[in-house]
Every structure is written in structure tokens, then in C-alpha cells.
Amino acid sequence: MTVIFSKKCEVGLQAVLFLSTRERDTLFNAQEVSENVNQPKEFVSKMLQVLTASGIVGSRKGKNGGFYLAKLPKEIKLIDIVEAIDGLGVFNNCVLGFPGCSSTMPCPVHDKWGKLRDDAYKMLSEETLCDLKDKSINKIETLKSYLNK
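Going by my numbering, the sequence shown opens with residue 2, and the numbers climb by one from there.
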């Protein structure tokens, strides 16, 4: 589990990274995506629906339906996925949850968290799915071999 994102966001990121490694016009049902990212099907399905509503993922209904990326991988930044699922509150609010936390009234970790938060936001805003394709393919293949042991 990560410190910054919800479990929903983690699963959404994994699902979209998986879709970005496949041919653009290929459809995958929630079961196929869940098997490839080793996450529960129901959870993956809900996150794919959220991402469909945001326009990041597309879907086709019916027997031969499924999910696909609605945009090119080079057009989707990681921050888009985070915003669609968790919103950007983690980058604007106090990490410890103190109301009124600011530079003039900082919480105990305000300065250190501010730098980490800004660096994380910058990285997520710069990285596209296209930039991460090779690493995503390697990670998904590693998951498969890990699960087959």
C-alpha cells in the first residue's frame, strides 16, 4: 500500500498501465485486466468504470465488449489517472490532516512533506503512459511469473 494514493487509485493506475501495453484497438474485459494486474475483478471493474466516466478509458458493451484506452498513451499522464480517482487533495491538503496547515502555521512535517508532495506532483504530471510502456510490460510479466510459482 502506498502512502499517497488510495487502494482504488493504485488499482486504477495498474489497470491503465496494463491497457497501455497492449494494441490500441484490443478490448479486454475486467476479468482479463484483473488477472494481468493480480487484483480482484470487482475492484478492477469499478475502477475501469470510473476511468471510463473520466474519458481515460473507453468501453464497449455486449458479448464482445470490453475496455480500452480512450486516448493515445502519449496523451495520458499519470496525474490524469490520480485526479480521476482520488482527486488532487493530497497535493493541496495537510498530509497529517490538520486544518489550516500553511507556511505560517505549519504542521510538524509541513516543510518536508511540501518538497516530497511537489516532487511527486511534478513526476506524475510529466510521465505519460507511453514513457512507461517498457517498464510496465516488464512489471506485468514479472507479476505473471510471480503468480505461477
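Where is the CB? At the ideal position from N, CA and C, for every residue including glycine.
In summary, residue 14 is buried, with 16 or more beta-carbon neighbours lying within 10 Å of its beta-carbon over all protein chains present. Secondary structure note for residue 61: its beta strand (DSSP E) is the uninterrupted segment 58-61. In terms of CA proximity to residue 58, 71 leads the group 48, 66, 71, 65. The beta-carbon separation of residue 20 and residue 69, rounded to 6 Å, stays under the 8 Å limit for a contact. The DSSP-derived three-state label of residue 143 is helix. When beta bridges are read from the DSSP output, residue 67 appears opposite 61. Under the three-state reduction of DSSP, residue 53 is assigned to helix. The continuous stretches of alpha helix (DSSP H) do not include residue 40, and DSSP gives it neither H nor E.
Here residue 9 carries a helix assignment [DSSP, helix/strand/coil].
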